[in-house]
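Number of protein chains: 2
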Amino acid sequence: MRAGVGIGGWEDIRAEVLRRIRVRDWPPGAMIPTEEELATEFGVARATVNRALRELAVAGVLERRRKAGTRVAALPVRKATLDIPVIRQEVEARGQRHSFRLLSQAEAVPPVPVASRLGLGPEQRMIYLETLHLADGQPFVFETRWLNPLVLPAPLPDFATVSANEWLVAHVAYALGDIAFSAAGATPREAAVLGVAEGAALFITERTTWTAEAPITAVRLAHAPGYRVQTLV
Amino acid sequence: MRAGVGIGGWEDIRAEVLRRIRVRDWPPGAMIPTEEELATEFGVARATVNRALRELAVAGVLERRRKAGTRVAALPVRKATLDIPVIRQEVEARGQRHSFRLLSQAEAVPPVPVASRLGLGPEQRMIYLETLHLADGQPFVFETRWLNPLVLPAPLPDFATVSANEWLVAHVAYALGDIAFSAAGATPREAAVLGVAEGAALFITERTTWTAEAPITAVRLAHAPGYRVQTLV
DNA sequence: TCGGTTAATATGTGCAGACATAATAACCTC
DNA sequence: GAGGTTATTATGTCTGCACATATTAACCGA
């Protein structure tokens, strides 16, 4: 950063470009000047302009192509970034105390939808866990998890004491995953565990993770009513 | 990129660092070498290592602090990036035909929750729109929207013909917004419009946007059953 | 030993110059 | 003109160097 001067950094360039887009100096779909031209105008190096424009492109505000140049996105596909924390952190971030209870543990062949989501054969046995997470003693989220025993290092912990999620993070080399959000009516089991009416609208998070070769775990989180996922754009 | 050589770019550095984290050469919580040391090891400039490590920090895999150094995140707060497209694009991306019907348009004082979410006084009148979006003729999402007439440029379009969302993107300088996801039972109105049972679990998206000074719009999207938001991590 | 000042250090960002790459535009041939 | 080749151009990235900044670690005096 230039000594003493409060302007000229890439964040300032980004802010100024964004301002021009928002006041429609550069309306949606319009081409904007080249990096070279902007660098000259702002009196900075091209690399600095590049950094600013790149960030805006990642955010979905600009579209860039070599040789073609840079244009303002016509229909900005806004990219919202969500933090997916560990449940304990999520509860504690709300200023509440986190605890959990292991409700059941078993070894079984998963149902077909879970098996296919994990890319498993029909006979592969897995570990099944049901855990209720509490915030200040109130039901917060009901977790049902399938674990692939083939990729877990021995010895397995006592999942009544150790959160499966946090143990996995600390002991298994993950590689890929996907997350999905949806809504579903509470199943009888979920209704009983969370203390809500059967069929009540629940927010559902489903996560699947793999190592490079094999599936690790599939989790379904049924959140207590009132749960929201929120983010700034 | 170095001529002819397929390695040595920042993406390769990022991949190699990620590999070492995943095979636990560098386990969660561990410090990793300094940029200088990695640059020497890989035979690249420090700026290249910096780019790679910065991306991993943004992704939540690394935690970096000046002078303190870089460590592997102990409890990786995974950052999931969601694309929030325009509804028309969303429908078309599924290979379906998009259409919509304006169900009602009025000018009214919004209910208190909406007014407070927008930071409005209790008497501010707004435009209220109800729109049903269809995918291949089937109900896809029911949109209820409050629009601030004070920030809209004249003339207003015919919202029966022009999607409010796309008109806004093209004509109003937005600045900030927030998005929230939740689940809710279908209200009588939503049930009738979407053709589902009252109380059925619906996935709800709520968006609010502002200019620098004034609120622009608050939207509630009630998605037809089966809707999912999905992303890779 | 405590508390505050100073030095050391890893990351954050800047610059100028160079070459790579992708995609368009210009050109040339038939 | 149509089709294929070549030149041009804007972005993408790398290098090497410099200085800023935030923290920590070392130091030192009361």
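In order, the protein sequence lines correspond to chains Y and P.
Per this note's numbering, the very first residue in the first sequence carries number 12; after that it's consecutive.
Per this note's numbering, the very first residue in the second sequence carries number 12; after that it's consecutive.
Where is the CB? At the ideal position from N, CA and C, for every residue including glycine.
All values reported here derive from a predicted model rather than from experimental measurement.
For my contact list, Y:A233 and Y:I215 are in at a C-beta cut-off of 8 Å; report their separation, rounded to the angstrom.
For the purposes of this step, residue 233 of chain Y is taken as the residue at position 222 of the first sequence. For the purposes of this step, residue 215 of chain Y is taken as the residue at position 204 of the first sequence. About 6 Å separates the two Cβ atoms, so the contact holds.
Cα-Cα separation, P:G80 to Y:V244:
Position 69 of the second sequence holds residue 80 of chain P. Position 233 of the first sequence holds residue 244 of chain Y. One C-alpha to the other measures close to 30 Å.
Which one or two residues does DSSP pair with Y:D189 in a beta bridge?
For this step, residue 189 of chain Y is matched to residue 178 along the first sequence. Y:D189 pairs with Y:T219, P:L243.
Using the DSSP secondary-structure output, state which residues sit across from P:Y139 in a beta bridge.
The sequence position of residue 139 of chain P within the second sequence is 128, counting from 1. P:Y139 pairs with P:A117, P:W157.
Let me see if you follow: with CB-CB separation under 7 Å, is Y:R35 close to chain P or not?
Numbered from its first residue, the first sequence carries residue 35 of chain Y at position 24. For Y:R35, the answer is yes, since a Cβ of chain P falls inside 7 Å of its Cβ.
Looking at chain Y, is there any beta carbon in it that lies within less than 7 Å of the beta carbon of P:A191?
Position 180 of the second sequence, counted from the start, is the residue given in the question as residue 191 of chain P. Taking Cβ atoms only, chain Y reaches closer than 7 Å to P:A191, which makes this a yes.
Span separating the alpha-carbon of Y:A14 from that of Y:G54
Position 3 of the first sequence, counted from the first residue, corresponds to residue 14 of chain Y. Position 43 of the first sequence, counted from the first residue, corresponds to residue 54 of chain Y. Residue placement at Y:A14 cannot be trusted, given a pLDDT of 37 that sits under 50; what the coordinates show is reported in the next sentence. Cα-Cα distance, rounded: 15 Å.
CB contact flag (P:A84, P:E74, <7 Å):
For the purposes of this step, residue 84 of chain P is identified with residue 73 of the second sequence, where counting begins at 1. For the purposes of this step, residue 74 of chain P is identified with residue 63 of the second sequence, where counting begins at 1. Contact flag set, yes.
Three-way DSSP call (helix, strand, coil) for Y:V162 in this model:
For the purposes of this step, residue 162 of chain Y is taken as residue 151 along the first sequence, with counting starting at 1. Helix, per DSSP.
Segment contact flag, the stretch 161-178 of chain P with the stretch 186-197 of chain P, C-beta cutoff 8 Å, min 3 pairs:
no
List the residues of chain P whose Cβ lies closer than 9 Å to the Cβ of Y:V173, in chain order.
By one-based count along the first sequence, residue 173 of chain Y stands at place 162. Within chain P, no residue comes near Y:V173; the closest Cβ sits about 14 Å away, beyond 9 Å.
Given Y:H182 as reference, the closest of Y:A202, Y:T222, Y:A171, Y:Q107 once Cα atoms are compared:
Position 171 of the first sequence, counting from 1, holds the residue named residue 182 of chain Y. Among Y:A202, Y:T222, Y:A171, Y:Q107, the Cα nearest to that of Y:H182 belongs to Y:T222.
Per the contact definition of three or more C-beta pairs closer than 8 Å, is the stretch 158-168 of chain Y in contact with the stretch 125-143 of chain Y?
yes
Can you tell me the Cα-Cα spacing of P:G148 and P:Q241, whole angstroms?
For the purposes of this step, residue 148 of chain P is taken as the residue at position 137 of the second sequence. For the purposes of this step, residue 241 of chain P is taken as the residue at position 230 of the second sequence. About 24 Å.
Y:R76 to Y:K90 span [Cα, whole Å]:
Along the first sequence, read from residue 1 onward, the residue named residue 76 of chain Y stands at position 65. Along the first sequence, read from residue 1 onward, the residue named residue 90 of chain Y stands at position 79. Answer to the nearest angstrom: the Cα atoms are 19 Å apart.
Going by DSSP, what residues sit across from P:R112 in a beta bridge?
Taking the second sequence and counting its residues from 1, the one referred to as residue 112 of chain P is at position 101. Per DSSP, P:L143.
Measuring straight from C-alpha to C-alpha, what distance separates Y:L114 and Y:I98?
Start at 1 with the first residue of the first sequence, and residue 114 of chain Y comes out as number 103. Start at 1 with the first residue of the first sequence, and residue 98 of chain Y comes out as number 87. Using only the alpha carbons, I get a separation of about 17 Å.
Classify Y:R112 as buried or exposed, calling it buried when 16 or more other Cβ atoms lie within 10 Å of its own Cβ.
Along the first sequence, read from residue 1 onward, the residue named residue 112 of chain Y stands at position 101. It is exposed - the Cβ of Y:R112 has fewer than 16 other Cβ atoms within 10 Å.
8 Å contact criterion, which P:V34 and Y:A104 should meet: CB distance rounded
As a first step, residue 34 of chain P is located in the second sequence; it is residue number 23 there, counting from the start. As a first step, residue 104 of chain Y is located in the first sequence; it is residue number 93 there, counting from the start. The pair is not a contact, with the Cβ atoms about 31 Å apart (cut-off 8 Å).
From the beta carbon of P:A194, is the nearest beta carbon of chain Y less than 7 Å away?
Position 183 of the second sequence, counted from the start, is the residue given in the question as residue 194 of chain P. Yes, its Cβ sits closer than 7 Å to a Cβ of chain Y.
Nearest candidate by alpha-carbon position, reference P:F151, set P:D23, P:V72, P:H109
For the purposes of this step, residue 151 of chain P is taken as residue 140 along the second sequence, with counting starting at 1. Selected option, being the one with the closest Cα: P:H109.
Compare the C-alpha of P:E154 against each of P:V230, P:T45, P:G19 and name the closest.
Locating residue 154 of chain P in the second sequence gives position 143, where the first residue counts as 1. Selected option, being the one with the closest Cα: P:V230.
Listed by chain order, chain Y residues near P:F11 by CB distance under 7 Å:
In the structure displayed, chain P extends from 12 to 244; residue 11 of chain P sits before or after that span and is not available.
Could you tell me whether any Cβ in chain P is nearer than 7 Å to the Cβ of Y:W178?
In the first sequence, residue 178 of chain Y corresponds to position 167, counting from 1. It does not: the Cβ of Y:W178 has no partner Cβ on chain P nearer than 7 Å.
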